[in-house]
Every structure is written in C-alpha cells, then in structure tokens.
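Order-wise, the sequence lines are chains A and F.
Under my numbering, the first residue of the first sequence is numbered 115, with each subsequent residue one higher.
Under my numbering, the first residue of the second sequence is numbered 115, with each subsequent residue one higher.
Where is the CB? At the ideal position from N, CA and C, for every residue including glycine.
All of these numbers come straight from a predicted model, not from anything done at the bench.
Everything on this sheet refers to the single structure shown next.
Number of protein chains: 2
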Amino acid sequence: MTITLAVDCMGGDHGPSVVVPAVFEFLRHDLDCSAILVGREEVLQPLLAQADAALRARCALQHASEVVDMDEPVASALRNKKDSSMRVAANLVKEGRADAAVSAGNTGALMAISRFVLKTLPGIDRPAIASTLPTMKGHTYMLDLGANVDCAPEHLLQFGIMGAMLAAALEHDERPSVGLLNIGEEDIKGNEVVKRAGELLKASGLNFLGNVEGDDIYKGTADVVVCDGFVGNVALKTSEGLARMVSTFLRQEFSRNPLTQLAGLIAMPVLKAFKSRLDPRRYNGASLLGLKGVVVKSHGSADVFAFRHALAQAAEAARQRLPEKIAARMATVAPAPTFATD
Amino acid sequence: MTITLAVDCMGGDHGPSVVVPAVFEFLRHDLDCSAILVGREEVLQPLLAQADAALRARCALQHASEVVDMDEPVASALRNKKDSSMRVAANLVKEGRADAAVSAGNTGALMAISRFVLKTLPGIDRPAIASTLPTMKGHTYMLDLGANVDCAPEHLLQFGIMGAMLAAALEHDERPSVGLLNIGEEDIKGNEVVKRAGELLKASGLNFLGNVEGDDIYKGTADVVVCDGFVGNVALKTSEGLARMVSTFLRQEFSRNPLTQLAGLIAMPVLKAFKSRLDPRRYNGASLLGLKGVVVKSHGSADVFAFRHALAQAAEAARQRLPEKIAARMATVAPAPTFATD
C-alpha cells in the first residue's frame, strides 16, 4: 500500500529550503510513499523541477496561498488563514487524498486547525501531543506535552490509551507498558487527579505499571509515560535546558586552554558518538493523537535529517492505521471509562 | 554570634559514620558555630571521643533513643517515635537551645515532625521544600519540590515570598528575581491556578519576572523559580534521571575500546572539571521553609562533603534569621494576599 504524505512545505524556521529536500531524501529511502508538497506554487515548482523524473513522479504539488506565522495567535491562524499551507495539508487528509499531514509550523495553530478540520475520534475529549525521548534502554513515548493544561482523570486515561496505541504501532509491540508520572511509587502519592487516573488506568486493561517518577522517564522504566500537558511540557523543557547546559559546560571545559583543547581533539570521536546518542534530531516528530487522521509536528528548527524522521514517523503511523486502532481501543473503555476488567 | 546546629546524626543512608565527621569538618571550617549531636549516646560518644579537645568543646551530645527509618510511614514516625533523633533535634530548635536543625532522614517524616514541633509562621499555610540547582549563570532556588501537591494560587504566592527571602538571606541579594514556572511566557498561558498566582505575584512587591519555562531553570533566568510541589518534584527528578543517563552514556562511550579508553585517560582532567561543575553534592541541603525555625534536609545518600554543605546552609539561614525575615515579609501581604501594591 502506498502511503501519501501531505507536507506543509512553508512551516518551520527554514520553510521549503529544508522541507523539500527532506521530502526527497525520505522518498528515496521509503519507496512505498508519495508526497503532496503543500505551499506557494511559485516557490515549490522550481524546487520540484530540480528533482529527477522518478522522484517527481511521486510528488504532487498543492498550492496554498497563505502561511501561518510561527508566532501567530491560534485564533488568527484558524479564522483568517483558510488557505494556509497547514490547513490545506489537513484538508488533504480529511478528503482522503493523503494518509497523514506533517508540518514544522506553529504547534498551537497546527493543533487547532487539525482538530477543526479532522475532528477528534469517538471517545476522545482532547487530542494530545506525544513525543519520543531517549532512555537508558532505548526510548520512551511521553504524552501530553502541552496541549492540555487542566486535565481530568478521564483525560489521562485517554492519553494512556492513545500512547499505548502509538507505541504499539511504531514499535510493533502488542502490549507496551504504561506508567503514570507521579511523585512517588505508592498509590497514595500525588494529587487527586493523578490518584483517580491511576485507578482508571488500572482498570483499563492496558499493561499499566502504576506510578513512575521523573527519573523513570530516562531510566526507560515504561514504554509510555502519561502526564498532563503542564507537567509534560515542564519536564520536556527542563530536560532541554539541562541538556543544553551540560553540552555548554562540556564544550567550555574542553576549550579552556591549549592542553584541554588538545584533549578535546583526541576525544573528539568519542564525544561525537556520545552526542549522537542524545541527538534530538533522531527523536524529531511529535504525534498529534486523538484526531481522525495522522498529523505529525516537526520541531520548527528541524534540519533535513530531523524533518525526514518526522516524515518517517507519520508514514509509519498511517501505515499502521493508528487513528483506527485508537478508536477501536477507545470503544472497549468508552462510554464507561470506570468499567473494571476483572 | 555563635550559631548552634542540632544535627540528627542517625538519619540518612550512612548515619553517624558520615554525619559526625561532616560536623567536625564543618566546625573546623566555621569557627562561629557549635553543634549538638543528636542520637544514640552509646554510638555517638565514642565518635566524639576521637575528636581533639578544641572540637569537643564545641560539640554537645543529646541522647535520642529512637531512629526514624528511611521508609517509615510519616504517621508512624510522628506518633510512635517521640524520642527519635529527628524529633529531638527539632525540639532543640523549638526550645531555643539550637538555631537550626539538620537531618539526612526521611523527608516526609522530617517535614511532618518539623511542622508539628515548630509550627508554621503566621500567614504561611503550608511549608515548602526549596533547593538549589546549578545554572548557566550560577545557581537558582526552586520551590516547592514535593511538599505540596495540590496548591492554590495563594500558596504559590507564599512560595514566592519564602523563596525570595531564602535567596536574599543566602546570596545577600536584596531583591532576587522570582519567576513563575509555566508552559509559555505569555500571561494567558498555563492552567487556572498558575494564571491567578501570576496576578498575585505581580501585586506582591517582589521582583517578579513573570512566567518562566522549564528551560529557563538551567538558563538561570530567575534567582527563584516557583511551582507547585508536583511539578517541582517531577522537574527535579527528571533532571536527576537525565543527568544520570548523560553521565552513563559518556562513560560508556569512553570505555568502548582501548582507543576510546586512552582518549578518556587523556581527557580525564577535563571530564573531572566538567563533572565537578554539576556535582550535586555542592548543592546538597534543601530548606524546609515557612516554619518557626530553620530546618535543612540533606540528601539521604550524602557523603561527608555533601553533608557539610547542608550544615553550612543551615548555619547561614540561621545567622540571617530567615524565619523572622519570612514572617516580616508575609506581614506585608497577609492577611489580604490579593492586595495590590500600587
């Protein structure tokens, strides 16, 4: 089955100069895919013309006259830019002309537009943002990362189901383990919402491990870590800040004087191998889950390598029919989310 | 003025074998301090006897027949162990025989006992746990780190005031900057509690910067970062987990083969300097704020070097009369915490 990706070529910090080459690289790699390049025709046409005939045959072009700015308010993007590249890409999924949409644009606008155009799946109150993080054992899926700041226990249950289905689809693991992010392992720990969410997850039939703590994320204790969007966003950004500080300190120490610089030169291959293990580009691509269609958000500053990862993730989620799987799983808990399995 | 520290010698993973030598080292360093060693007399007496006469003259011994276990439930520690070393240390502060208490024992028990024995300051609903984190610019105070999981906006305001007074006392900075941990810089971001807390902090007369994000913690954007105990605990433990993963990966890469091992040997002094900048022992000592007395919690696994830092922090907070300063500052906002300064 050929998967067709609708790619917003205008979003992100670099726009078509990164997105179009990334699409070409991806298509060269994944022969079962095709792409619809969405954006200003006059910009995209010359870029497409540079590709060889075989690639061109697998790319269509869909004109979109507008672009959502990176800092544009969500309401403005939704109401005033009906022909934005982001929206046209979502429409292509809605109309069944594409199997997934990928954009490096404004996260809030992409979420609002995707939700407006595609709608949420039955049983899902709120879509969530899920991403992959490196761990000691491999990697972990974490959600929500910022779409939902005031969550009820039922929402955390839905995140658990969506996250488990995402991990199942992308890792080909039937029963990924799910942990609930909390501040202690015991059931009595945490705030009221999390305690109740723990009960719901326990009764959900998921492979639920119970509570996990902040350090469990990077230990790789659970395949999926569930939290509300406030906590998830803080944990993610705190990690980004710490990683940046660590890499700055490391660089500073190696550039302190000629002797440390020499040591740095000798250690360079090792430091590169170390850096590549934590390379955030390898984890680029956050899934917008709970929608009637696959939508993947790339980091705004993604380069060709990183954007290709987001495309690959979208293609795999579409190939695995992730939205259908989430809907099917939701049907087993909804409309009675407190139903116990025993 | 001589500062007397009541030191729980039985708490922590290592008990007196670490705590007593740390007290001696601290006293050798800080000549204006004396200590009361609290714990089992039969254990502490021989250790004390090993010290020279000058040191012995600055150490008293206070027998306590019980020890709170590291994993003992809080209620049991509070109700059943009235002669625990932790409780006796808090009593010494309450009775004015010591200026501060320091313990490496069970955090929950220490908080509950301190609160029960010392009581909270006027205007403070809930004590909070504050700690120091390294940043690109130096370090930052963050609170609450886990004492309060369901916070109202007024609690976050109180944390802001307590944190600012802590930073002022320990850094000798009259108007430390305070940031509110949120998931975006704009006022409209975040959940309802945080939005309202932002309004209260704005009107508090503190040097309030507004919202900060997770990555701002390590950027050092604010001198004090305020958040509820759930978010703070997750951010702290996530950081611990990431730091451990990074150091494991670094070690693994340098021990991959003889060539990388040689590179590691050559880079060793640089790696050591790097490691020391992030050494958590230099940041050991969490302040229990909002009590009528100074109480500092050391990490349970602290070594002599780390425990000494906790002692130094307690001595400085007592010397600066931190509880009195918090009470005085609270009096300017309480009993009308929503009172605007303009």
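Residue 151(F) bridges to which residues according to DSSP? Walking along the second sequence from the start, residue 151(F) turns up at place 37. Per DSSP, 121(F) and 175(F).
Spell out whether any CB of chain A is found under 8 Å from the CB atom of residue 225(F). Counting from one through the second sequence, the residue named residue 225(F) turns up at place 111. Chain A, which has no Cβ nearer than 8 Å to the Cβ of residue 225(F), makes this no.
Whose C-beta lies closer than 7 Å to the C-beta of residue 221(A) among residues of the same chain, with five residues either side of it excluded? Working through the first sequence from its first residue, we reach residue 221(A) at position 107. Counting only Cβ-Cβ distances below 7 Å, and skipping sequence neighbours, we find 411.
Contact belief for residue 178(A) with residue 166(A) at Cβ below 8 Å, rounded distance in angstroms: For the purposes of this step, residue 178(A) is taken as the residue at position 64 of the first sequence. For the purposes of this step, residue 166(A) is taken as the residue at position 52 of the first sequence. About 25 Å separates the two Cβ atoms, so there is no contact after all.
Under 9 Å, CB to CB, which of the residues in the region 410-433 of chain F have a partner in chain A? none
Interface positions of the region 345-360 of chain F facing chain A (Cβ-Cβ less than 8 Å), listed along the chain: 345, 347, 348, 349, 350, 351, 352, 353, 354, 355, 356, 357, 358, 359 and 360
Proximal chain A residues relative to residue 205(F), where beta-carbon distance stays under 7 Å: Walking along the second sequence from the start, residue 205(F) turns up at place 91. Within 7 Å Cβ-Cβ: nothing; residue 205(F) doesn't reach chain A, min ~28 Å.
Just tell me which of 348(F), 332(F) and 396(F) has its CA closest to the CA of residue 422(F). Numbered from its first residue, the second sequence carries residue 422(F) at position 308. Minimum Cα distance to residue 422(F) is reached at 396(F).
Mind checking if residue 374(A) is an interface residue toward chain F, Cβ cutoff 8 Å exclusive? Reading the first sequence from its first residue, position 260 is the one you call residue 374(A). Yes - at least one Cβ of chain F is within 8 Å of the one on residue 374(A).
N- and C-terminal bounds of the beta strand (DSSP E) containing residue 457(F): Within the shown structure, residues of chain F are numbered from 115 to 456, placing residue 457(F) beyond reach of any answer.
Continuous alpha helix (DSSP H) stretch holding residue 457(A): start and end: Outside the shown range of chain A, which is 115 to 456, sits residue 457(A), and nothing can be said about it.
Exposed or buried, residue 406(F), counting other C-beta atoms within 10 Å across all chains shown (16 or more means buried)? Residue mapping note: residue 406(F) aligns to position 292 of the second sequence, counting from 1. Per the 10 Å Cβ criterion, buried.
Can you pull the chain A residues whose beta carbon is under 7 Å from the beta carbon of residue 325(F), in chain order? Mapped onto the second sequence, residue 325(F) falls at position 211. By Cβ distance, chain A contributes nothing, its closest Cβ being about 11 Å from residue 325(F), past 7 Å.
Let me see if you follow: with CB-CB separation under 8 Å, is residue 388(F) close to chain A or not? Here the question's residue 388(F) lines up with position 274 in the second sequence. By this cut-off, residue 388(F) is an interface position.
From residue 355(F) to residue 330(A), what does the alpha carbon distance come to, in whole angstroms? The residue you call residue 355(F) lines up with position 241 of the second sequence. The residue you call residue 330(A) lines up with position 216 of the first sequence. Each residue's Cα considered, the two are about 7 Å apart.
Three-state class that DSSP yields for residue 132(A) in the structure shown: Locating residue 132(A) in the first sequence gives position 18, where the first residue counts as 1. It is helical.
Hey, out of 431(F), 417(F) and 343(F), whose CA is closest to residue 97(F)'s CA? The structure shown does not extend to residue 97(F), since chain F is modelled only from 115 through 456, so no value can be given for it.
Which stretch, first to last residue, makes up the beta strand (DSSP E) that contains residue 246(A)? One-based indexing of the first sequence puts residue 246(A) at position 132. First-last of the beta strand (DSSP E) with residue 246(A): 242-248.
Three-state secondary structure (DSSP) at residue 253(F)? In the second sequence, the residue the question calls residue 253(F) occupies position 139. Under the three-state reduction of DSSP, residue 253(F) is assigned to strand.
Bounding residues of the beta strand (DSSP E) (the contiguous stretch that carries residue 294(A)): As a first step, residue 294(A) must be located in the first sequence, where it is residue number 180. Residues 291-295.
If we cut at 8 Å on Cβ distances, does residue 292(A) have a partner in chain F? Looking up residue 292(A) in the first sequence gives position 178. Not closer than 8 Å to any Cβ of chain F, the Cβ of residue 292(A) fails to qualify, so no.
Name the chain F residues that come within less than 8 Å of residue 240(A), Cβ to Cβ? On the first sequence, position 126 is the one that residue 240(A) refers to. What residue 240(A) touches in chain F: nothing, since even the nearest Cβ is about 14 Å away.
Under 8 Å Cβ-Cβ, which residues of chain F neighbour residue 305(A)? As a working note, residue 305(A) is residue 191 in the first sequence. The answer, in chain order, is 263, 264 and 344.
Would DSSP call residue 180(A) helix, strand or coil? Here residue 180(A) corresponds to residue number 66 of the first sequence, with the count starting at 1. DSSP places residue 180(A) in strand when its eight states are reduced to three.
Anything in chain F within Cβ reach of residue 251(A), meaning under 8 Å, just list it in chain order. For the purposes of this step, residue 251(A) is taken as residue 137 along the first sequence, with counting starting at 1. The contacting residues do not exist; residue 251(A) stays about 10 Å from chain F at best.
Please identify the residue among 130(F), 116(F), 117(F) and 119(F) whose C-alpha is closest to the C-alpha of residue 417(F). Numbered from its first residue, the second sequence carries residue 417(F) at position 303. Comparing Cα-Cα distances from residue 417(F) to each of 130(F), 116(F), 117(F) and 119(F), the minimum goes to 130(F).
Bridge-paired residues (DSSP) for residue 322(A): Along the first sequence, read from residue 1 onward, the residue named residue 322(A) stands at position 208. The partner list for residue 322(A) (beta bridge, DSSP) reads 292(A).
Using 8 Å as the limit for Cβ to Cβ distance, is residue 127(A) near chain F? Here residue 127(A) refers to the residue found at position 13 when the first sequence is read from its first residue. By this cut-off, residue 127(A) is not an interface position.
For residue 444(A), count neighbouring C-beta atoms within 10 Å of its own C-beta (all shown protein chains included) and say buried if the count is 16 or more, exposed if not. Working through the first sequence from its first residue, we reach residue 444(A) at position 330. Burial call: buried.
Compute the Euclidean distance between the alpha carbons of residue 456(F) and residue 315(F), then round it to the nearest angstrom. In the second sequence, residue 456(F) corresponds to position 342, counting from 1. In the second sequence, residue 315(F) corresponds to position 201, counting from 1. Because the pLDDT of residue 456(F) is 38, which lies under 50, any placement of that residue in the model is unreliable, and the question is left without a value.
Let me see if you follow: with CB-CB separation under 8 Å, is residue 332(A) close to chain F or not? For the purposes of this step, residue 332(A) is identified with residue 218 of the first sequence, where counting begins at 1. It does; some Cβ of chain F falls within 8 Å.
To the nearest angstrom, how far is it from the Cα of residue 137(A) to the Cα of residue 259(A)? Taking the first sequence and counting its residues from 1, the one referred to as residue 137(A) is at position 23. Taking the first sequence and counting its residues from 1, the one referred to as residue 259(A) is at position 145. When rounded, the distance between both Cα atoms is 26 Å.
Rounded to the nearest angstrom, what separates residue 128(F) and residue 119(A) at their Cα positions? Start at 1 with the first residue of the second sequence, and residue 128(F) comes out as number 14. Start at 1 with the first residue of the first sequence, and residue 119(A) comes out as number 5. Approximately 58 Å between the Cα atoms of the pair.
Check whether the Cβ atoms of residue 141(F) and residue 158(F) sit closer than 8 Å, and answer yes or no. The residue labelled residue 141(F) in the question sits at position 27 within the second sequence. The residue labelled residue 158(F) in the question sits at position 44 within the second sequence. No. Outside cutoff.
Would you say residue 193(F) reaches chain A, if we count a Cβ-Cβ gap shorter than 8 Å as a contact? In the second sequence, counting from the first residue as 1, residue 193(F) sits at position 79. Answer no: the Cβ-Cβ gap between residue 193(F) and chain A never drops below 8 Å.
In three-state terms, what does DSSP make of residue 188(A)? Numbered from its first residue, the first sequence carries residue 188(A) at position 74. Residue 188(A): helix per DSSP, three-state reduction.
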